[in-house]
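Asker:
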Amino acid sequence: MCSESSKMSSLHPIMFDSQSSLEHKQTIIKQLEAKCKGMTNMIEQMNERIAKLTNEKVSQERDLYKLREELSNADTKSVEQLKVIENQASQIERLKTELNEQTIELNNSKMASDQLVLCKLVRLINCIHFNITVIISIQ
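Position one of the sequence shown corresponds to residue 9 (my numbering), numbered consecutively onward.
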């Protein structure tokens, strides 16, 4: 019995060490599980944030595409308006030239008309003068 008792007492520290080691390992496992759960929560939060950022990026890319399209349309309209303005400026210059030519022509016509009136007046005066001369000579 002595030997059994001695074996038991020699096993007791080993069992105690085993029990202590097992408890220590269980504590470490619980700590690791808690850390895992915390990290899993962080990963889920990060995934949610990534999903939100992805949605925001898609929305911003859509907005950017629309803005680029609007800018392109505005550029096209601007080019078209510039062509219209250039065409109108050309027409204005052509009309100014025509107006100047017509003004010169009108002035020339007016001068010719004035000269014609003067010629008629001179003829009339000459005719009157002739008639007066004839009347005076008859008397």
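We put the beta carbon where it would ideally sit given N, CA and C, even for glycine.
(1) From residue 66 to residue 75, what does the alpha carbon distance come to, in whole angstroms?
(2) What's the C-alpha gap between residue 52 and residue 40?
(3) Going by DSSP in three states, residue 123 sits in which element: helix, strand or coil?
(4) Give the DSSP-derived three-state secondary structure of residue 89 in the structure shown.
(5) Can you give me the Cβ contacts of residue 113 inside the same chain, cut-off strictly under 6 Å, excluding the 5 residues immediately before and after it?
(6) Would you tell me roughly how many angstroms separate the C-alpha atoms of residue 126 and residue 95, rounded to the nearest one?
Answerer: Reading it off the structure:
(1) 14 Å
(2) 18 Å
(3) helix
(4) helix
(5) none
(6) Between the C-alpha atoms of residue 126 and residue 95 there is a straight-line separation of about 46 Å.
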